[in-house]
Amino acid sequence: MKEFVKFHKNGTIWAKGFMKNDKQEGYWEFYRIDGSILRSGSFKDGKQVGIWTTYDKLGKVYKTTILMKENVPHKTPPADFAKVILSNAKVRQTWEAITPLARSEWICFLTSTKTEKGKLQRYARAEDQLARGQKRPCCWPGCPHRNPNAAKYFK
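Heads up, the working numbering is the position in the sequence shown plus 1, with the first residue counted as 1.
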């Protein structure tokens with residue numbers, strides 16, 4: 002990989018990261034013309050992957066986006082659980098290591114509850130299991146949007 006830096010017309014850094022075979026690869030940062038960081042995240046083979054962070058003009062996190070490329074029913078975790086992923090290093094490590102299909106299962110597990118109490122219980126359970134490196138939700142029939150046999154448990 003080769004380091005790459007591109008500049009705004011005023012000379013401040015516009016973007017910096019790495020190139021591999023003329024495609025963006027690995028961690029990248031993008032900056033505003035005033036030099037403040039705008040966005041950061043990773044590329045694989047020229048495509049954005051994983052967790053991307055957008056910053057306000059003071060450098061504080063404005064939003065995070067978790068990108069998934071596979072054709073799966075659930076692509077984006079709930080915003081409040083995305084904060085858990087970002088704030089817990091062990092959870093984030095597991096989340097980034099599992100397949101898009103496994104992430105979709107976790108998202109369905111987190112969003113298929115009917116009550117606030119159930120949601121909070123599932124969030125705590127998911128954080129614990131992901132922090133221990135578990136790839137899929139334990140003791141759950143699976144996503145009814147992907148597995149018709151699991152749908153009977155959600156009626």
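The beta carbon of each residue, even a glycine, is placed where N, CA and C say it ideally should be. Computed from a prediction, not measured in an experiment: that's the story for all the values here.
Spatial neighbours of residue 8 in its own chain (CB-CB distance under 8 Å, excluding positions within 5 residues in sequence) are listed in chain order as 14, 15. For residue 37, the three-state secondary structure derived from DSSP is coil. A check of alpha carbon separations from residue 125 across 105, 86, 42, 27 identifies 86 as the nearest. Annotation for residue 137: 103, 106 place their beta carbon closer than 6 Å to its own, counting only its chain and skipping 5 residues before and after. Minimum Cα-Cα distance from residue 56 among the listed residues 49, 48, 42 corresponds to 42. By the neighbour-count criterion, in which a residue is buried when 16 or more other Cβ atoms sit within 10 angstroms of its Cβ, residue 122 is exposed. By the criterion of a C-beta distance shorter than 8 Å, residue 26 is surrounded in its chain by 2, 18, 19, 20, 44, 45, 46, 47, once the five residues flanking it on both sides are discounted.
Looking at the DSSP output, residue 43 shares a beta bridge with 28, 50. As the crow flies, the alpha-carbon of residue 144 is around 42 Å from that of residue 4. Ranking 59, 12, 110 by CA distance to the CA of residue 75 puts 110 first. Short of 8 Å from the beta carbon of residue 37, and not among the five residues preceding or following it, lie these beta carbons of its own chain, in chain order: 56, 58, 59, 60. For residue 56, the beta-bridge partners assigned by DSSP are 62. In summary, residue 90 is exposed, with fewer than 16 beta-carbon neighbours lying within 10 Å of its beta-carbon over all protein chains present.
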